[in-house]
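Colleague: Dropping a structure here in structure tokens format, bear with me for questions.
Chains as they are written, first to last, in the working numbering: chain V, 1 to 291; chain Y, 1 to 291; chain R, 1 to 291; chain D, 1 to 291.
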């Protein structure tokens, strides 16, 4: 075992599973100080809930003692076992994600409803405007198929990402896409805004990609209120009315803000040459909450 | 009869029917000095060949003489009649064109194959680059459904417009669209380029909108050769290879030229507001042949 | 004298000088039945007021009588002459306009303040959306250097065009550009809107290109009110707030309307090849007043 | 000292300084096993060469022995000291980079010649097309002010980035920008292509942003030859001829490839509202070398 490549995290006496989630997003070998006999089961349940079934658990018990034991399990096998309180779990990835997590994943690599995805190039611009730092807590409101949340997670590798989506079918797609990319530190929040935002930690960054049709003004205001001072909110819209709403909110709040219109055309083969296929223009508005 | 609104043309001793064609494009009352007993029939045949069946013929014979006669015919009734050599024909429009001839006709007013039309806004830009003068002879090569040729005809009201198209179904559409708009001084040339260009008069303006796939280089060169000194050639393409070909031709010929890319987005209703629907970008290249 | 090319108009017993103005816009030889001894002076004054000093007046007096007289004058020489009440004036263009009147005149052919001109390609789109008919009365509000009004005049050849502009320096530029292009049936209205619109005839078409900063809502509403039923109003703006105002006005009025965004890039020479130079995007909104 | 936050690297018996460079790009505390009495000096020289003068060196000698010694130096003070062969160096960042390294850094945060920078949004698209993985070796050819190379370095955090630039003034700007952002695992190569590429390790990714004017075809071909199988090459150009060259190279090589045109407009304040300011369109071509 290449121990120098093992990322270790601790669950000792705390309920925070985010360090574990981040670790399995970016590492193939993760060592967990579990802190108790239930430790391996807790880990297995977390992994199961995230669809992270590409990991094997190697449980080390009573290490260094005469009755030390090393056993290997799939995440499904752990539940019916019992463990010594002194244990350490090594998570070993046995299957790479179908889609390696990174920036600029092709649209067709994400499971999505046709046409309803933030296109690769526009996503890139939105991400660049979001100005994500490693440790940021990020909300993606109206997350759709999760493409933005997932690539944000690649940047916020020490942070937490919440993908909020009210449609059941879409929130299922986000889960699928998390599984496919291994972006396990994205948490899917299936619920209505602004109510479902209440329980989330205040964000450093908010991305609003959709779900603004009905009570959009309320959602924008609530997100703006919850955003940490110094934070940034990026809204991505194709609707003139949402653009208007968003610009006037930022103006009213006195936030520094700007907007870009992104017009992408992609090449398509035609008669042995290429022509340009235009994507619909998108407005990307970025507001900075004063410190 | 409001004689001051009658546009008069003469067919006396000449074969040139263009003055007649221009007259019926722009006037509801056209008086023709026919110059012979066959005159009324010749006129009726011309009108029939252009689908200009919205005109009635009023034939005045032996005017001022005792046996003067005034008879009214549809264009279909003229053929079996016989006329006195001294006659004058008054053409009277009895039905307005379905689509009034002008600049900026809506795409859906033209009969066309879905997607295969120079879009209204792009057409406007192409026309503005073509720099048409009233008396110009204009070729529209690869005329498609004829929308450019027809609006060119509105500008070249004292000129001649040739819409060249090799596909039978398209050339039929052009004829239909001429009928609908009453742009009778557009002549449809159904044939292969460059061969079919041979018999046409040298143009002051050439518009190339399509049909450049195969032997495009040859067609462009032949059109450039035939263009009158001081003339202008506008090429409209979505293909990178055609753009390249066209720019390098103009460069090689030493013509002054420029290019614009036109990117239009049209509003579409969405959720009680509007979003933008992008049309594919088009390149419009204009070259000026030195005097 | 090629009499068949003479366009004749009559000023007999009426004050309407528009037929004269249209005639000198499109014809090099214009015959005027003046109807009185002051006729030649009235004509000379009209021409002077429009800067149409490229015409010579040939005055025919008492034609067919023994004391018939034919005299030739510049427009400056007429004032101090006296004429027989029976006279006919032939206007003869002795210098062509510097810039031939047509569609798609190059930006640099218009005298304008740098950057403050509706760019050639955008102008073409705006004109195509305006859907001008020959006989239309057209208002161009916030006319700037007059480029749109002038090219509208090319299309509304039997109509009347009013170019409204509140800035003195700009209204002077419009006059210059009318002189340069010979679009004499454009009338410059130097004044504040909406007050100065009161005396104008109701329009068939309204183009709003500028001057909407301050009391824009009022101007738009007044223009909409005055527009003839079945008429069309086209607003061209770069400001998001004007776009918003305009869309909501049309919505409130219940007019059918649409919008296009026009993004033009022009080629520029670079390193022996070409690159694209983007013009700023413009929104063109068109509203149709119900009949 | 929070030892759990110390990133340790080893220079023992090897000349590879990249692990050290990556460590100081991403960590504030870096422990180095130097492997020799010259170790601290070697480290100080490396840091000096990269302008990484925001680090303090804490040298631990003979740790655990009676004559153990802990001394602190600035990078300028180390050269004249002598050290025990058994030493360990702790690098401690005492000043954060002026510009935190991340994706989407504002254009004005980079020192650059006006207009000569890959604009933030276009940079984002180019990066998303480049599909960078953590461990990639990346060439940035014609690096300009280094903005792309620097943000690539943020993504290739376990890789090596080479910013190649032939103009002295520009390569100096890249150095400055590396200092400002702390992207120390970007190596500036000041030299002429393709010659200067010879000594570089084969790349997984090549970005070509400029410097293609003269012998562009040669450079593109050489870069394509050196690219590892399965690698990706992204060319970003505004020149039609470079676009053409690049498309035909990829076609000739039989590489899968695509192109996007990126047209960004940025909001600008005007009259209390916003208008759109267009950036010039850019072509981004991506080619995939077969495995």
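All residues carry an ideal CB built from backbone N, CA and C; glycine is no exception.
Do residue 238 of chain Y and residue 282 of chain Y have their CB atoms nearer than 8 Å?
Modeller: yes
Colleague: Alpha carbon to alpha carbon, what distance is there between residue 81 of chain Y and residue 75 of chain Y?
Modeller: 11 Å
Colleague: Can you tell me the Cα-Cα spacing of residue 165 of chain D and residue 150 of chain D, whole angstroms?
Modeller: 14 Å
Colleague: What residues in the segment 244 to 259 of chain R have a beta carbon less than 8 Å from any beta carbon of chain V?
Modeller: 244, 247
Colleague: Tell me, please, whether the segment 115 to 130 of chain R touches the segment 156 to 165 of chain R by the rule of three or more beta-carbon pairs shorter than 8 Å.
Modeller: no
Colleague: I'd like to know whether the C-beta atoms of residue 266 of chain Y and residue 258 of chain R end up nearer to each other than 8 Å.
Modeller: Remark: C-beta atoms of residue 266 of chain Y and residue 258 of chain R approach each other more closely than 8 Å.
Colleague: I want to see whether chain V comes within less than 8 Å of residue 263 of chain R, judged by CB atoms only; does it?
Modeller: yes
Colleague: Residue 270 of chain D versus chain R: which residues are under 7 Å apart at the beta carbon?
Modeller: 239
Colleague: With a threshold of 7 Å (Cβ to nearest heavy atom), would residue 32 of chain V be considered close to the ligand COA?
Modeller: Of ligands this structure carries none, so the ligand COA is not represented either.
Colleague: Would you please verify whether the beta carbon of residue 107 of chain Y is less than 8 Å from any beta carbon of chain V?
Modeller: no
Colleague: Could you tell me how far apart the beta carbons of residue 188 of chain V and residue 175 of chain V are, in whole angstroms, since I believe they sit closer than 8 Å?
Modeller: 6 Å
Colleague: Using only CA atoms, which one of D:233, D:227, D:184 lies nearest to residue 21 of chain D?
Modeller: D:184
Colleague: Can residue 39 of chain V and residue 99 of chain V be called in contact, C-beta distance under 8 Å?
Modeller: no
Colleague: Just grab the DSSP bridge partners of residue 157 of chain Y for me.
Modeller: DSSP lists no partner for residue 157 of chain Y.
Colleague: Would residue 234 of chain Y count as contacting chain R if we go by Cβ distances under 8 Å?
Modeller: no
Colleague: Given this structure, state the Cα-to-Cα distance separating residue 204 of chain D from residue 139 of chain D, to the nearest angstrom.
Modeller: Computed Cα separation, rounded: 8 Å.
Colleague: Determine, using beta-carbon pairs with one atom in the segment 27 to 37 of chain D and one in the segment 9 to 18 of chain D, whether at least three such pairs fall under 8 Å.
Modeller: yes
Colleague: Measure from the alpha carbon of residue 79 of chain R to the alpha carbon of each residue in R:271, R:57, R:137, R:148, then state which is nearest.
Modeller: R:57
Colleague: Mind pulling the beta strand (DSSP E) runs of 3 or more residues that sit fully within the segment 134 to 211 of chain Y?
Modeller: 137 to 141, 160 to 165, 186 to 190, 205 to 208
Colleague: According to the neighbour-count rule (16 or more other Cβ atoms, all chains shown, within 10 Å of its Cβ), is residue 104 of chain V buried or exposed?
Modeller: Residue 104 of chain V should be labelled buried.
Colleague: Just reading off the alpha helix (DSSP H) that residue 39 of chain R is part of, what are its end residues?
Modeller: 39 to 49
Colleague: Out of curiosity, what's the CA-to-CA distance linking residue 134 of chain D and residue 101 of chain V?
Modeller: Answer to the nearest angstrom: the Cα atoms are 10 Å apart.
Colleague: I'd like the list of long-range same chain contacts for residue 235 of chain Y, defined as Cβ closer than 6 Å, with 5 residues on each side in sequence excluded.
Modeller: 208, 246, 285
Colleague: Excluding the 5 residues flanking residue 222 of chain D on each side, which residues of the same chain have their C-beta closer than 8 Å to its C-beta?
Modeller: 193, 194, 197
Colleague: Which of the residues in the segment 129 to 145 of chain V, read from start to end, lie with their CB under 9 Å from any CB of chain D?
Modeller: 129, 130, 131, 132, 133, 134
Colleague: Can you say whether residue 121 of chain R is buried or exposed, counting buried as having 16 or more other CB atoms within 10 angstroms of its CB?
Modeller: Buried, by the Cβ-count rule.
Colleague: What are the boundary residues of the beta strand (DSSP E) that includes residue 91 of chain D?
Modeller: It spans 87 to 93 - the beta strand (DSSP E) in which residue 91 of chain D sits, taken as one unbroken run.
Colleague: Which residues bound the alpha helix (DSSP H) around residue 129 of chain Y?
Modeller: 120 to 130
Colleague: Can a CB atom of chain V be found closer than 8 Å to the CB of residue 317 of chain Y?
Modeller: The shown model of chain Y, from 1 to 291, leaves out residue 317 of chain Y, and the question about it has no answer.
Colleague: For the segment 271 to 283 of chain D, which residues have a beta carbon sitting closer than 8 Å to at least one beta carbon of chain R?
Modeller: Correct list: 271, 272, 273, 274, 275, 276, 277, 278, 279, 280, 281.
Colleague: Flag residue 120 of chain R as yes if its beta-carbon sits less than 8 Å from any beta-carbon of chain Y, otherwise no.
Modeller: So, interface residue.
Colleague: Going by C-alpha to C-alpha distance, which of V:220, V:279, V:273 sits closest to residue 250 of chain V?
Modeller: V:220
Colleague: What residues in its chain sit with their C-beta under 7 Å from that of residue 126 of chain V, if we drop five residues either side in the sequence?
Modeller: Answer for residue 126 of chain V: 118, 148, 207, 234, 236, 284, listed in chain order.
Colleague: Out of V:261, V:200, V:269, V:276, which has the shortest C-alpha to C-alpha gap to residue 274 of chain D?
Modeller: In terms of Cα proximity to residue 274 of chain D, the closest of V:261, V:200, V:269, V:276 is V:261.
Colleague: Could you give the distance in angstroms between the alpha-carbon of residue 50 of chain D and the alpha-carbon of residue 44 of chain D?
Modeller: Spanning the two alpha carbons is a distance of roughly 10 Å.
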